[in-house]
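Under numbering that gives the first Met the number 0, the first residue of the sequence shown carries the number 0, and numbering increases by one thereafter.
Ideal placement from N, C-alpha and C gives every residue a C-beta, glycine not left out.
Here is the structure we will look at, set down as C-alpha cells.
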Amino acid sequence: MTPEVFGASLLAMSEVPNFLAGALPSFMTIKKFAADPESVAALRYAEVFAAVPIAAAGVGATLVFKSWWPVLVVGATAVYYYWGYEKHIRNPAADATPINQQGNGEAGGFSW
C-alpha cells in the first residue's frame, strides 16, 4: 500500500461516522430514547439512508486511487459503526422512553 492509498483510505474511512451522524442520533441518545417501535423503524431507515454516501466515499476513493484498500477500509469501518448502532437500538436503557415523551414532565423529563 502506497502512502497515497493509505491516506485516501484514512480520509474515506473518516467520512463514515460523519455520514452516520448526519442521519442518526448519537449512541447515548438512541440508548435513552429509542424505546418505541416507531423510533426503531426510523433509526433503521436512517441506517439504510446513510449507507449510500458511505459506499460512495469508499468506491470513489477506490476508483481514483485504483486500489481496493479504500473501499475495504470504509466497509470495515461501516461494519464497526453499524454494529454499535444496532447494539444500542436493540439494548435500550432500562428507563428509556420515547423521545416524544421527553420534556413534558413524564418519565423523568422536565418542563419549563
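With contacts defined by Cβ atoms closer than 9 Å, residue 62 and residue 8 do not form a contacting pair. Counting the other Cβ atoms within 10 Å of the Cβ of residue 15 gives 16 or more, which makes it buried.
Residue state for residue 12 is assigned as helix, using DSSP reduced to three classes. Contact between residue 38 and residue 97 holds, since their C-beta atoms are separated by about 6 Å, short of 8 Å. At a cut-off of 4 residues, the continuous stretches assigned as alpha helix (DSSP H) that sit fully inside the region 61-99 are 68-89.
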